[in-house]
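In the numbering used here, the protein residues as written are 92 to 181. The structure under discussion appears below in the form of structure tokens.
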Amino acid sequence: FHVSNLKRCLADANLHVPLDEIKVDKILRFVEEPVEIMDREIKKLKCRKIVLVKVRWNSKRDPEFTWEHEDQTRIKYPQLFVDRVVGPAS
């Protein structure tokens, strides 16, 4: 490492996130919480079926939507499934 290897960094205004919108925990990790379930899908692998749900996050970083396993999401965030009846995917 040498100082001559350093280059000027120009900030991009589009990447700016206001500090009051960022939540961090005690260990200074970003706290991202799911907002709602957008969609549901079943993936077939030979004789197994895997149920996935498309979750919208309150994240300011990319991606805002992710596909997660329904059973794991139901355990971690049961409040997402209380007021929404998710029917079988086609």
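Every residue, glycine too, gets a C-beta built ideally from N, C-alpha and C.
For residue j and residue i, the rounded distance between their alpha carbons
i    : j    : result
D128 : L101 : One point to set straight first is that residue 128 is Ile, not Asp, in the sequence displayed. Straight-line Cα distance between these residues: approximately 37 Å.
S181 : V144 : Only weak support is given to the placement of S181: the predicted model assigns it a pLDDT of 49, under 50, and the value that follows is read from those uncertain coordinates. Going from the Cα of S181 to the Cα of V144 covers about 13 Å.
H107 : V126 : 22 Å
A104 : L110 : 14 Å
I166 : H93  : 50 Å
V142 : N149 : 23 Å
P154 : C138 : 31 Å
I133 : K114 : 33 Å
E159 : S95  : 45 Å
E123 : F156 : 12 Å
D130 : E161 : 11 Å
Buried versus exposed, by CB contacts within 10 Å (16 or more), residue i
i    : result
L136 : exposed
Unbroken alpha helix (DSSP H) run spanning residue i, endpoints
i    : result
R165 : E161 to K167
Residue i - containing beta strand (DSSP E), residue span
i    : result
L171 : That residue, L171, is in no beta strand (DSSP E); its alpha helix (DSSP H) goes Q170 to V173.
V146 : R139 to W148
V126 : P125 to L136
Own chain, CB closer than 7 Å to residue i, minus 5 neighbours either side, in chain order
i    : result
V173 : none
Any non-hydrogen atom of the ligand GDP closer than 7 Å to residue i Cβ
i    : result
K137 : With respect to small molecules bound, the structure shown includes none, and the ligand GDP cannot be examined in it.
Contact set for residue i: own chain, Cβ-Cβ below 8 Å, skip 5 residues either direction
i    : result
K140 : I133 and K134
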